Amino acid sequence: MATPERPSFARREGTFEREPARRVFAAELRETRIHFREGDDEKSPTYVLLPTGERCNRVFLVGTLTEKKKQGEQNMFYRARVVDPTGTFFVMAGSYQPEAMQQIARIDPPAFVAVVGKPNVYETPDGATLISIRCESVTAVDKETRDRWVLDCGLATLDRIDSMASTQYGERAQKEYRTDPAVFRKMVFEALSQLRL
Amino acid sequence: MDYSSMTERISLKVSAKGHEADTAKIEGKLRRLIEEFGVPPQEAERTVLNELARDLSIPDLGSGPGTAAGEEKQLRQLSSGDWATIEAKVVSLSSSFSSAISQTGILADSTGAMRFVVWAKANAPRLSVGSWYRFESVVVDEYKGSPNLKVHSGTTIKEIASETPLIPESIPIRDLTPGIGSVRAKFIQEWEVSHDRMLQSGLLGDESGTAKFVIWKEEGKERLVPGTVYSIYYALVDEYQGRISLNLTTATVLPEEGDIPVSGGEGVFAGALVHVAPGSGLIKRCPVEGCNRVLSRQNYCPVHEIQPGFLYDLRIKGWLDNGRETREILVQREVTEQLTGISLHEAKELAENNPLGMDEVFLRVRERILGRYLTCRGREMDQRILVSECGFLHFDPAEIPGLLNRAGGSS
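Note that the protein sequences, when read in sequence, are chains A and B. Mind the numbering: the first sequence is residues 3 to 199 in the numbering used here, read in order. Mind the numbering: the second sequence is residues 12 to 422 in the numbering used here, read in order.
Following this line, the structure appears as structure tokens:
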């Protein structure tokens with residue numbers, strides 16, 4: 003179902019194209035720092051640049067919800083940690099994501115969850131970068147769905163690594179992150195190895 | 012963007028009047044208007060031409076109310092803003108609802124076809140279908156995104172004798188652009204008409220894709236037969252929100268023998284269900300024959316107002332996503348029941364006996380399918396699939412070794 007590569011900003015006039023949800027392991031997302039807006043409109047979508055070379059406006063991940071914390075009084079929001087074979091995703095849902103907030107409220111950790119959300123890069127006062135996922139939905143799923151995701155994410159990551167030299171965002175990632183493909187191959191290898199346990 | 016053809020058109024017009032044309036300057040002006048100011052190309056071309064006409068004192072260049080008949084052209088060469096003289100055949104006439112318009116229809120020559128309009132004020136002779144005419148000094152502009160020929164009071168029309176047989180070239184549905192088009196296609200799906208004046212609507216398909224069509228009620232118009240292949244000449248092609256649709260009201264439609272493959276329609280897509288849209292789960296439909304619209308919470312149909320005798324239905328609307336592309340999926344009742352394990356009957360009971368009502372069904376449907384891997388098959392239109400078959404994708408450990416090799420292979 004591959005379609006020819008289009009220029010990044012080409013949206014067919016009048017049609018709405020939903021941003022695909024990228025599959026990315028926690029260990030790769032943790033290294034993500036570059037974020038940018040495509041187009042000069044205030045409403046143009048924002049992206050983070052994945053170290054393996056893809057722009058990413060939305061992610062889909064399945065992992066284990068290990069912790070959730072309700073914070074704030076007037077502007078209540080949830081912070082949660084979702085773990086995959088490579089590390090931890092920091093997930094949050096605030097009053098602008100009431101559906102996701104209610105979904106998290108109903109799930110007791112630990113539980114397998116499927117998360118759809120938008121990655122956001124933050125800088126802390128001491129200069130460190132943090133990336134968290136503002137979620138659109140959090141659904142309790144079974145282990146089979148988690149395993150299916152690890153495969154899916156492994157495949158997507160390998161595809162990105164293998165085409166890094168030939169895509170616009172691959173080249174950019176190599177320049178910005180000095181990505182060492184071997185590191186990410188190893189990450190995929192280890193994640194997949196855990197499926198056999 | 013390529014400015015060369017526009018620049019050439021302008022410089023030809025200027026040099027034809029004996030003036031020197033500075034192509035670099037023309038191109039610069041076009042580029043500035045289009046890129047910096049977002050002026051549509053045709054408008055930019057007209058602006059530059061008018062500006063040159065003013066600067067060089069050429070009165071009848073451009074689209075000002077000149078007296079020249081314009082050069083002799085064929086339909087394919089015409090673009091918005093042109094003044095020209097053409098010879099063409101009237102292949103279709105349609106009724107007009109405005110008293111300002113005396114006649115409207117389609118003109119064709121061996122190179123193409125175009126919509127035309129004769130203004131009432133033009134005092135032009137009545138044109139008849141099947142005759143050839145010479146039109147001196149017509150003007151081309153754009154109407155709903157496609158070129159349109161205007162016959163105005165300065166146009167001279169003469170009937171001419173021509174034996175040129177016109178056989179319009181059929182093109183694949185995928186290649187249709189707004190204007191006039193001819194296709195050879197199969198009537199693959201009939202839809203409910205959504206308007207009193209509509210005779211028929213549905214979907215046409217050929218090997219390259221599908222397009223919606225409509226026929227409006229008019230005397231002598233007949234309905235098409237589903238499953239039949241038709242040669243359709245001179246249909247009006249419109250584009251709305253990126254989708255092409257054909258208006259066959261004034262087209263010549265000839266049934267054909269045999270069958271053609273229609274491939275564009277059916278599609279398969281696998282991915283994770285990343286969104287379940289509102290309007291999924293249990294819904295109420297308007298019971299009026301042929302309506303079937305979804306009612307609001309207050310049982311309100313946008314056409315038939317309050318309908319307490321609604322019919323329940325079950326469906327899923329959502330987005331499937333494979334990490335690179337997305338498809339909107341629309342799942343009808345039977346497949347929804349099979350996928351969620353909730354029957355329409357159970358859903359009704361749930362809604363009637365639960366304080367959350369229909370929301371409870373939505374929540375349960377969502378819990379069972381959101382975030383799951385699915386593969387969907389069905390009729391595909393643009394980004395949307397009308398799902399006729401759908402199943403969960405399972406985890407297959409046999410896929411692991413291959414991926415491990417790929418990951419470990421070259422490190």
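Quick reminder that beta carbons are idealized off the backbone N, C-alpha and C, glycines included. As the structure is a prediction and not an experimental result, all values here were calculated from the model.
Verify the CB distance criterion: does residue i have a CB-CB separation below 7 Å to chain A?
| i | result |
| --- | --- |
| Y245(B) | no |
| S74(B) | Because S74(B) sits at a pLDDT of 47, beneath the cut-off of 50, its placement in the model cannot be relied upon, and the following sentence gives the value as read from the coordinates. No, its Cβ sits nowhere closer than 7 Å to a Cβ of chain A. |
| F146(B) | no |
| T221(B) | no |
| G77(B) | Only weak support exists for where G77(B) lies, its pLDDT of 37 falling under 50; the coordinates are left without a value. |
| W330(B) | yes |
| I396(B) | no |
| F127(B) | no |
In chain order, what residues of the same chain have a beta carbon less than 6 Å from the beta carbon of residue i, not counting five sequence neighbours either side?
| i | result |
| --- | --- |
| S16(B) | none |
| A32(B) | S22, V25 and S26 |
| I36(A) | L51 and E178 |
| L235(B) | F198 |
| E98(B) | R145 |
| D93(B) | V151 |
| T48(A) | R39 |
| R60(A) | E21, A23 and K120 |
For residue i, count the other beta carbons within 10 Å of its own beta carbon; 16 or more makes it buried, fewer makes it exposed. Which is it?
| i | result |
| --- | --- |
| S46(A) | exposed |
| Y245(B) | buried |
| N333(B) | buried |
| D186(B) | exposed |
| H405(B) | exposed |
| L381(B) | buried |
| W202(B) | exposed |
| P51(B) | exposed |
| K145(A) | exposed |
| E363(B) | exposed |
| G192(B) | buried |
| G129(A) | exposed |
| Q211(B) | buried |
| T351(B) | buried |
| A4(A) | Residue placement at A4(A) is flagged as unreliable, the pLDDT there being 40, under the threshold of 50; a coordinate-derived value is accordingly withheld. |
| A184(A) | exposed |
| P179(B) | buried |
Check the Cβ of residue i against every Cβ in chain A and list those closer than 8 Å, keeping chain order.
| i | result |
| --- | --- |
| L418(B) | One point to set straight first is that residue 418(B) is Ala, not Leu, in the sequence displayed. Per Cβ cutoff of 8 Å: G156, L160, R187, K188, V190, F191 and L194. |
| L414(B) | L153, G156, L157, L160, V190 and L194 |
| E378(B) | T141 and A142 |
Could you check how far apart the C-beta atoms of residue i and residue j are, in whole angstroms? I think they sit under 8 Å.
| i | j | result |
| --- | --- | --- |
| P53(A) | T34(A) | 6 Å |
| L291(B) | F373(B) | Correcting the residue identity first, residue 291(B) is Ser in this sequence and not Leu. About 6 Å separates the two Cβ atoms, so the contact holds. |
| M189(A) | F27(A) | 6 Å |
| L127(B) | G116(B) | Note that residue 127(B) is Phe in the sequence shown, not Leu. About 6 Å separates the two Cβ atoms, so the contact holds. |
| I340(B) | C387(B) | 5 Å |
| K342(B) | I327(B) | The question names Lys, yet the displayed sequence has Val at residue 342(B). The Cβ separation is near 4 Å, so the contact holds. |
| L306(B) | R296(B) | 7 Å |
| P272(B) | E230(B) | Wrong, their Cβ atoms sit about 35 Å apart, outside the cutoff. |
Please confirm if residue i has its CB atom under 7 Å from at least one CB of chain B.
| i | result |
| --- | --- |
| T48(A) | no |
| A116(A) | yes |
| R174(A) | no |
| L52(A) | no |
| L31(A) | no |
At 8 Å on the CB atoms, spell out the chain B contacts of residue i, in chain order.
| i | result |
| --- | --- |
| V143(A) | G382 and R383 |
| S165(A) | Ordered by position in chain B, no residue passes the 8 Å Cβ test against S165(A), which lies about 11 Å from the chain. |
Mind listing the chain A neighbours of residue i? Cutoff is C-beta to C-beta under 9 Å, in chain order.
| i | result |
| --- | --- |
| A283(B) | A23, R25, F62, V64, A116, V118, T147, R150, W151 and D154 |
| H206(B) | Neighbours of H206(B) on chain A: none; closest Cβ ~22 Å, over 9 Å. |
| H30(B) | Those do not exist, as H30(B) stays about 37 Å from chain A at its closest Cβ, beyond 9 Å. |
So with CB distances below 7 Å, who are the chain A contacts of residue i?
| i | result |
| --- | --- |
| E410(B) | L153 |
| H315(B) | Neighbours of H315(B) on chain A: none; closest Cβ ~29 Å, over 7 Å. |
Can you list, in chain order, the residues of its chain with a C-beta nearer than 7 Å to that of residue i? Leave out the 5 residues immediately preceding and following it.
| i | result |
| --- | --- |
| P319(B) | N310 |
| Y98(A) | none |
| G165(B) | S148 |
Report the neighbours of residue i on chain B: residues whose CB is nearer than 9 Å to its CB, in chain order.
| i | result |
| --- | --- |
| L197(A) | F406, P408 and I411 |
Return the chain-ordered list of same chain residues with a C-beta closer than 8 Å to the C-beta of residue i, the five sequence neighbours on each side being excluded.
| i | result |
| --- | --- |
| E62(B) | K40 |
| L138(B) | V101, L104, Q114, G116, V129, Y144 and I168 |
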